[in-house]
Amino acid sequence: MSTILSRIEELGYTLPEAPAPAGSYVNCTRSGNLLFLAGGIPPLTDDTYIGKVPTDTSVEVAQEAARLITLNRLAVVKEEIGDLDKITKIVNVGGFVNSEPDFYQHPAVINGCSDLLVEIFGDKGIHSRTAMGAAALPLNVSVEINMIIEVQ
Amino acid sequence: MSTILSRIEELGYTLPEAPAPAGSYVNCTRSGNLLFLAGGIPPLTDDTYIGKVPTDTSVEVAQEAARLITLNRLAVVKEEIGDLDKITKIVNVGGFVNSEPDFYQHPAVINGCSDLLVEIFGDKGIHSRTAMGAAALPLNVSVEINMIIEVQ
Amino acid sequence: MSTILSRIEELGYTLPEAPAPAGSYVNCTRSGNLLFLAGGIPPLTDDTYIGKVPTDTSVEVAQEAARLITLNRLAVVKEEIGDLDKITKIVNVGGFVNSEPDFYQHPAVINGCSDLLVEIFGDKGIHSRTAMGAAALPLNVSVEINMIIEVQ
Chain A
31 MSTILSRIEE LGYTLPEAPA PAGSYVNCTR SGNLLFLAGG IPPLTDDTYI GKVPTDTSVE
91 VAQEAARLIT LNRLAVVKEE IGDLDKITKI VNVGGFVNSE PDFYQHPAVI NGCSDLLVEI
151 FGDKGIHSRT AMGAAALPLN VSVEINMIIE VQ
Chain B
31 MSTILSRIEE LGYTLPEAPA PAGSYVNCTR SGNLLFLAGG IPPLTDDTYI GKVPTDTSVE
91 VAQEAARLIT LNRLAVVKEE IGDLDKITKI VNVGGFVNSE PDFYQHPAVI NGCSDLLVEI
151 FGDKGIHSRT AMGAAALPLN VSVEINMIIE VQ
Chain C
31 MSTILSRIEE LGYTLPEAPA PAGSYVNCTR SGNLLFLAGG IPPLTDDTYI GKVPTDTSVE
91 VAQEAARLIT LNRLAVVKEE IGDLDKITKI VNVGGFVNSE PDFYQHPAVI NGCSDLLVEI
151 FGDKGIHSRT AMGAAALPLN VSVEINMIIE VQ
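Chains as they are written, first to last, in our numbering: chain A, 31 to 182; chain B, 31 to 182; chain C, 31 to 182.
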């Protein structure tokens, strides 16, 4: 098993199936050594990851959404390049929180993604990031995250 | 005539003049094989493409705005590289909808752009994408779209 | 002294210390010749650069915030590559304004960044850009700006 995949299981997580895109696009494109990942959303099995932070859903649950998006983004990368060990660098993360106008803890929410990336990839997982509050997000999800990832 | 340009006309569209930027920047920069396009806005001849979705303007009209932005972004690329046939890949699209806080169909709006890119470019037009709701957009336009495009 | 650093001082500015990131990320990553800068925020010494535009803070003060972010982003680049003269191109700027839903002058605010980049770098400072209104920003800052910069 690949080093990164066993690291993910060691941390107690499982890679989900790569989710279907929510529109006329694909989850991942490649140009040179860079993968450009589409904005990923959390699983929609119930309304846990739905609504505005912090009124409809808490910071803690939105952090969990960010972690689940991170895992489904990695599932997309695995589908694209076959082996997560080929990732050389998580370059950049864009984190969008479905935000009340007076909510300011977007960094705490997106840390759910950033901390997990570093736990999984170590130094290769350390990325630059932009976190912000969106007025609304597709399907009313609480969090949306895109990434730029460098691969071999 | 270039293949892509005749394809655009075949679909019933015409490339507009590349619009002037709305501030102290340019519509397109290049680094290596990548073009980074500025956030483009729809034509402002009247107030058709102005206001928040869905209260001031409908999903359908916002989709049309997205299509018109796509065409003016391609006009910018043509101005930059001379020939749209030099495009090898639409890499990434960022779609921002001037959104009421309880509007969630941003993907449907930005499909106006994504579907047209695939109609024009076929496989080369299939891109990754992030769609989201902005609290407000420059000049109160209904939609703003940026792109990363790979060229020869 | 490097040409760019003396140009900055000639314009009456001083590079600040590179600020600490507001979460589990770094201010800058590099892939090939591109630097990806995290979303930077203005200094938080008092509440000058806090709140929504234009109710809590004016367009003019938000422009000043954009200028100060630009300087701290350049401080980050200096820390990363040692010498600002190694910058070959400011490729792209993303400007996010903490925006009331009926504020539409985001381009004027982000011009505070764009104009300064061109004053400092001349032709190398001319970039593409996306400006938009966020529903809320981290720590309630008035402006957040990220950049992609090409270096030698």
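All C-beta atoms, glycine included, are put in the ideal place defined by N, C-alpha and C.
Proximity of residue 163 of chain B to chain A, defined by a Cβ-Cβ separation below 8 Å, is satisfied.
Contact residues of the region 125 to 159 of chain B toward chain C are 126, 131 (C-beta to C-beta distance below 8 Å). Residue-level contact check: residue 122 of chain C touches chain B, since one or more beta carbons of chain B fall below 8 Å from its beta carbon. If you draw a straight line from the Cα of residue 94 of chain C to the Cα of residue 79 of chain A, it comes to about 37 Å. Residue 121 of chain A is bridged by DSSP to nothing; it lacks a bridge partner. Its chain contains 155, 156 as the residues whose beta carbon lies nearer than 7 Å to that of residue 148 of chain B, once the 5 sequence neighbours on both sides are disregarded; these appear in chain order.
Between residue 130 of chain C and residue 85 of chain C, the C-beta spacing is below 8 Å.
Membership of residue 68 of chain A in the beta strand (DSSP E) is indicated by the continuous run 64 to 70. Neighbours of residue 180 of chain A in chain C, taken as residues at a C-beta separation under 7 Å, are given in chain order as 61. 8 Å or more divides the Cβ of residue 34 of chain B from the Cβ of residue 121 of chain B.
Contact annotation: in the region 60 to 92 of chain B, residues whose CB is within less than 8 Å of a CB in chain A are 62, 63, 64. Here residue 177 of chain A is not near residue 136 of chain A, since their CB atoms are 8 Å or more apart.
Within the same chain, and ignoring the five residues on either side of residue 37 of chain B in sequence, the residues whose Cβ sits closer than 6 Å to its Cβ are 150. Fewer than three pairs of CB atoms, one per stretch, sit closer than 8 Å, so the region 39 to 53 of chain B makes no contact with the region 106 to 120 of chain A.
Residue-level contact by beta carbon holds for residue 119 of chain B and chain A, with a gap shorter than 8 Å.
Per DSSP, reduced to three states, the secondary structure at residue 160 of chain C is strand.
Residues of chain C whose Cβ lies closer than 9 Å to the Cβ of residue 107 of chain B do not exist, since the nearest Cβ in that chain is about 12 Å away. Rounded to the nearest whole angstrom, the CA to CA distance from residue 119 of chain B to residue 181 of chain B is 7 Å. Comparing C-alpha distances from residue 160 of chain C to each of C:127, C:133, C:146 shows the shortest one belongs to C:127.
For residue 39 of chain C, there is no enclosing beta strand (DSSP E); the enclosing alpha helix (DSSP H) covers residues 33 to 40.
Think of a sphere of 8 Å around the beta carbon of residue 56 of chain A: the chain B residues whose beta carbon falls inside it are 156, 157, 158, in chain order. DSSP links residue 59 of chain B through a beta bridge to B:66.
Less than 8 Å separates the beta-carbon of residue 168 of chain B from that of residue 71 of chain B. Within chain A, the residues 160, 162 have their CB atoms less than 8 Å from the CB of residue 174 of chain C, given in chain order. In the assembly as shown, residue 42 of chain C is an exposed residue. Its beta-carbon has fewer than 16 other beta-carbons within 10 Å.
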